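Remarks on the structure that follows.
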Amino acid sequence: MAQLVDLDIEEVFPLAEPLAVLRCLMSSRSGMEIEPRLLRSAGEISAEPVFIAGIYANKKLIGQ
């Protein structure tokens, strides 16, 4: 397995806009539309809020 010690991870996997990349991939492979939705949140007024987003394809949760 190759060592990635001296490489910048953003050069290996250039995902500056991951949602745009996923939309392009899904539409070209299966024609499915994807939609991000907020599933849960906690600590909105704290110093470290947490947000859980889900990715839906054809109204079905495919990832979070």
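With the sequence shown counted from 1, adding 16 to any position gets you the numbering used here.
Note that CB positions come from ideal geometry on N, CA and C, so glycine has one too.
No experiment lies behind these values; they were computed from the predicted model shown.
- Item | Bridge partners - glutamate 51, DSSP secondary structure assignment | Indexing the sequence shown from 1 puts residue 51 at position 35. Within the DSSP secondary-structure output, glutamate 51 pairs in a beta bridge with Tyr72.
- Item | Identified DSSP bridge partners for leucine 77 | Position 61 of the sequence shown, counting from 1, holds the residue named residue 77. Bridge partners of leucine 77: Tyr72.
- When you compare each of Glu27, Ala32 and Val66 to alanine 58 by their alpha carbons, which one comes out closest? The count along the sequence shown starts at 1 and reaches residue 58 at position 42. Distances from the CA of alanine 58 to each of Glu27, Ala32 and Val66 were compared; the closest alpha carbon is that of Val66.
- Consult DSSP for proline 30 and reduce its assignment to one of helix, strand or coil. What you label residue 30 is simply residue 14 of the sequence shown in a count that begins at 1. Residue state, collapsed to three classes: coil.
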